[in-house]
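Going by my numbering, the letters in the sequence shown line up with residues 43 to 690, in that order. Note that CB positions come from ideal geometry on N, CA and C, so glycine has one too. Every value quoted in this text rests on a predicted model; they were computed, and no experiment measured them. See structure below.
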Amino acid sequence: MQYCRLLLRSYCQEFDPDQLKADSSFHPSEVGKMRTQVVTVLIEIKVPYIKMESMKTCDDSESLEVEAVFVISDFEEPIFRNLNKADCRILGPPVVFHCAKQGEPLPIVYRPLYCTNMVNLVLCFTGFRKKDELVKLVTLVHHMGGIIRRDFSSKVTHLVANSTQGDKFRVAVSLGTPIMKAEWIYRSWERRNDIDFCAANEEFRKEFKVPPFQDCILSFLGFSEEEKKNMEEMTEMQGGQYLPVGDERCTHLIVEENTVKNIPFESSQSLFVVKQEWFWGSIQMDARAGESMYLFEKPDSPELKTSTSVLSLSTPNSNRKRRRLRETLAQLTREMDMSPFPPRKRPSAEHSLSIGSLLDISNTPESSMANGETPKSCTKPSKNTSPFPSKQSARWQVAKELYQTESNYVDILTTIIQVFQVPLEKEGQLGGPILAPEEIKTIFGSIPDILDVHIKIKEDLEDLMINWTENQSIGEVILKYSKDLVKTYPPFVNFFEMSKETITKCEKQKPRFHAFLKINQAKPECGRQSLAELLIRPVQRLPSVALLLNDLKKHTAEDNPDKATLESAIESLKEVMTHINEDKRKTEGQRQIFDVVYEVDGCPANLLSSHRCLIQRLETVALGDDLCDRGEQVTLFLFNDCLEVSLQ
Numbered sequence: 043m044q045y046c047r048l049l050l051r052s053y054c055q056e057f058d059p060d061q062l063k064a065d066s067s068f069h070p071s072e073v074g075k076m077r078t079q080v081v082t083v084l085i086e087i088k089v090p091y092i093k094m095e096s097m098k099t100c101d102d103s104e105s106l107e108v109e110a111v112f113v114i115s116d117f118e119e120p121i122f123r124n125l126n127k128a129d130c131r132i133l134g135p136p137v138v139f140h141c142a143k144q145g146e147p148l149p150i151v152y153r154p155l156y157c158t159n160m161v162n163l164v165l166c167f168t169g170f171r172k173k174d175e176l177v178k179l180v181t182l183v184h185h186m187g188g189i190i191r192r193d194f195s196s197k198v199t200h201l202v203a204n205s206t207q208g209d210k211f212r213v214a215v216s217l218g219t220p221i222m223k224a225e226w227i228y229r230s231w232e233r234r235n236d237i238d239f240c241a242a243n244e245e246f247r248k249e250f251k252v253p254p255f256q257d258c259i260l261s262f263l264g265f266s267e268e269e270k271k272n273m274e275e276m277t278e279m280q281g282g283q284y285l286p287v288g289d290e291r292c293t294h295l296i297v298e299e300n301t302v303k304n305i306p307f308e309s310s311q312s313l314f315v316v317k318q319e320w321f322w323g324s325i326q327m328d329a330r331a332g333e334s335m336y337l338f339e340k341p342d343s344p345e346l347k348t349s350t351s352v353l354s355l356s357t358p359n360s361n362r363k364r365r366r367l368r369e370t371l372a373q374l375t376r377e378m379d380m381s382p383f384p385p386r387k388r389p390s391a392e393h394s395l396s397i398g399s400l401l402d403i404s405n406t407p408e409s410s411m412a413n414g415e416t417p418k419s420c421t422k423p424s425k426n427t428s429p430f431p432s433k434q435s436a437r438w439q440v441a442k443e444l445y446q447t448e449s450n451y452v453d454i455l456t457t458i459i460q461v462f463q464v465p466l467e468k469e470g471q472l473g474g475p476i477l478a479p480e481e482i483k484t485i486f487g488s489i490p491d492i493l494d495v496h497i498k499i500k501e502d503l504e505d506l507m508i509n510w511t512e513n514q515s516i517g518e519v520i521l522k523y524s525k526d527l528v529k530t531y532p533p534f535v536n537f538f539e540m541s542k543e544t545i546t547k548c549e550k551q552k553p554r555f556h557a558f559l560k561i562n563q564a565k566p567e568c569g570r571q572s573l574a575e576l577l578i579r580p581v582q583r584l585p586s587v588a589l590l591l592n593d594l595k596k597h598t599a600e601d602n603p604d605k606a607t608l609e610s611a612i613e614s615l616k617e618v619m620t621h622i623n624e625d626k627r628k629t630e631g632q633r634q635i636f637d638v639v640y641e642v643d644g645c646p647a648n649l650l651s652s653h654r655c656l657i658q659r660l661e662t663v664a665l666g667d668d669l670c671d672r673g674e675q676v677t678l679f680l681f682n683d684c685l686e687v688s689l690q
């Protein structure tokens, strides 16, 4: 039965030692230390070994009876090249250390394996024209345990791109496959002796991802100076350049489609004229989006539409590229047992769709909701399938206004959830998560719970309006849900300021979130309002309802049973708002105590108490006593049950 014998090498005596020592990568002391560590590990895992200083020390007769594994500390040595040509089994010391740490046997490999930095990674390359560079990169990937695929498929974990053009790049963007620079491989190889390192580590690899606007030179038309400056800064942050409108070196002209009606110059065929959604969409998905779905078209100009459609496909060898892309898509479909793209709406149009449309990312509400979990209340249709009875009384008019504002409010909350919250929470986002789960929770809080309550209120009001009589009780509807309002509103209102601060902070620090807000703010359902402006509606809603109920009470006859019920409902709403305000003050007081604890060194731990709140803080100067000297700065913290003195 064969067993494994390892032949350790630091350098080879049969080659010129002076020549080897001249190599800057040769460090005898480091090699000796590593050799000692390898021997120690081999003893621990009970693997037989032989130390060798020269290939001549190997007993040929004995070597035939065992499987020889060469552990070499430098894959640039001449002995390595000779062993590699002889198809010998070669490992680097980090592989031995890794196997010992994981309790695994030494791997059976058919290529030299120095480390495990890229084990389980499948790479594909695109855009490399120099064969020598590509061969070097492929070799390093193999040395780190990675796998190379010539053709892109669903099994590829990373695309290494030297260009943002080509079929492989477009499919990788559509599937959300990380697209990396070649430097990622070189930097991973630099860390080859770190056995705990993994090239797929998100924190490490994000530095080497191909930015959305690599190889792009942008210009901007129709934007205000402030917004244009912001977009130019974002362009540089995302790896691109910008030039004035009309410069022939530009690759893209970004157009504000709401203000621009005509392009002020004759654009060349190499220039992409796109809407601003392409710009923000590329930043959001952290990859250059396909231009074909975002091409700018002049209003009522079929000629331009035709020419731009031709432009997106009229590239050299376009027929060959389209055929290759079809083959790639077909292969992906077979491997995944399903199409990687959404199903077409019209089966009959299967052959009429352009290939470009399959590879573009559209961030519509429908596509955002496709894989997200929608609160059940968002999907309930309105019962109002016919117009309300035509009533002219003042009481009916106020009741109608209450229902209409409630319906509008439900629509706004639904928009917040469907357009903003659900896409942010969706798994498998292109480019990875835009926000952390705790940030999403801080921003949206109890909005889904608030929506569920108001959906029920709206439905009850709708029933009353459809079957209206002057004795219908609006007050009962509000009283019915008063406890739910007390439960759902304080968690949101109390932390509304924190929600706004989180939005502002994330928008400044996370370009993808900024782009996400820009895209969604422009959607019709948002009414061009920002997320912060939409989120203030829950803060305003209950006072608005109270005003409408007061108005309704004025137009309700004294003998109407709803008169007393409305008064109770108004009092109930006042209690809800009072509870919210008291809870808010209590929350703010608790936060202030935490600020004091963090600010004052040596603050007693028992200062923190659920019943204690900060009333006043006062900066003053001591007049002098046993505690402090005259003129010393003193801070007084007055709580509801004690007074604390802090010396500067």
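| Check | Outcome |
| --- | --- |
| State buried or exposed for N159, treating a residue as buried only when at least 16 other CB atoms are found within 10 Å of its CB. | buried |
| If the criterion is Cβ atoms closer than 9 Å, does the pair L527 and E448 meet it? | no |
| I'd like to confirm the pairing. Which residues does DSSP put opposite F534 in its beta bridges? | DSSP, once it has assigned bridges, lists no residue as partnering F534. |
| For C684, which residues from the same chain have a beta carbon less than 8 Å from its beta carbon, with the 5 sequence-adjacent residues on both sides left out? | R654 |
| Once you ignore the five residues that flank S688 on each side, which residues in its own chain have a CB closer than 6 Å to its CB? | V642 and T677 |
| Which one or two residues does DSSP pair with H200 in a beta bridge? | L165 |
| Within 10 Å of its beta-carbon, does Y319 have 16 or more other beta-carbons around it, so buried, or fewer, so exposed? | Just to set this straight, residue 319 is Glu in the shown sequence, not Tyr. Buried, because 16 or more other Cβ atoms sit within 10 Å of the Cβ of E319. |
| Mind checking which residues open and close the alpha helix (DSSP H) that includes K468? | Note, K468: premise wrong, no alpha helix (DSSP H); not H, not E. |
| Who pairs with F681 in a beta bridge, going by DSSP? | L656 |
| Any idea what DSSP makes of S515, helix, strand or coil? | coil |
| Who pairs with E686 in a beta bridge, going by DSSP? | F679 |
| Would you decide whether S230 is buried or exposed? Buried here means 16 or more other CB atoms lie within 10 Å of its CB. | buried |
| In chain order, what residues of the same chain have a beta carbon less than 8 Å from the beta carbon of E609, not counting five sequence neighbours either side? | G517 and K595 |
| How is Y284 classed by DSSP in three states: helix, strand or coil? | strand |
| To the nearest angstrom, report how far apart E600 and L493 are at their CA atoms. | 34 Å |
| Within the same chain, show all residues whose beta-carbon is closer than 7 Å to that of I499, passing over the 5 residues directly before and after it, in chain order. | E448, V519 and Y523 |
| Here's the rule I'm using: 16 or more other beta-carbon atoms within 10 Å means buried, otherwise exposed. How should P306 be labelled? | exposed |
| Closer than 7 Å by C-beta to V495: which residues in its own chain qualify, once you throw out the five before and the five after it? Chain order, please. | Y523, D526, L527 and T530 |
| What did DSSP end up calling M222 once you bin it into helix, strand or coil? | strand |
| Please name the residue in H185, L263, K303 and N272 whose C-alpha comes closest to that of L295. | L263 |
| Name, in chain order, the residues that DSSP records as bridge partners for K556. | Sequence inspection shows His at residue 556; the Lys mentioned does not correspond to that position. In the DSSP output, where bridge partners are listed per residue, H556 has none listed. |
| Rounded to whole angstroms, what is the Cα-Cα separation between S261 and T199? | 34 Å |
| Just checking my contact of S515 with D604 at CB under 8 Å: how many whole Å lie between their CB atoms? | 5 Å |
| With a 10 Å radius around its C-beta and 16 neighbouring C-beta atoms as the bar for buried, classify R672 as buried or exposed. | exposed |
| Rounding to the nearest angstrom, what Cα-Cα distance links E225 and T206 in this structure? | 16 Å |
| CA-CA distance, P465 and F558? | 10 Å |
| Among L444, Q283, H556 and E543, whose alpha-carbon lies nearest the alpha-carbon of I485? | E543 |
| What three-state label does DSSP hand K172 in the structure shown? | coil |
| In terms of DSSP beta bridges, what is K317 paired with? | V297 |
| What does the alpha-carbon distance come out to for the pair E274 and V215? | 23 Å |
| Suppose the cutoff is 6 Å on Cβ atoms and the five residues either side in sequence are ignored; what does the same chain contact list for I189 look like? | V164 |
| From P585 to M619, what distance separates their C-alpha atoms? | 8 Å |
| Look up T662 in the DSSP assignment and give the residues it is bridged to. | V676 |
| Within a Cβ cutoff of 7 Å, which residues of the same chain sit near R579, ignoring the five residues on either side of it in sequence? | Y451 and I454 |
| Tell me the rounded alpha-carbon separation between R659 and N235. | 56 Å |
| Roughly how many angstroms separate the alpha carbons of D328 and E267, rounded to a whole number? | 25 Å |
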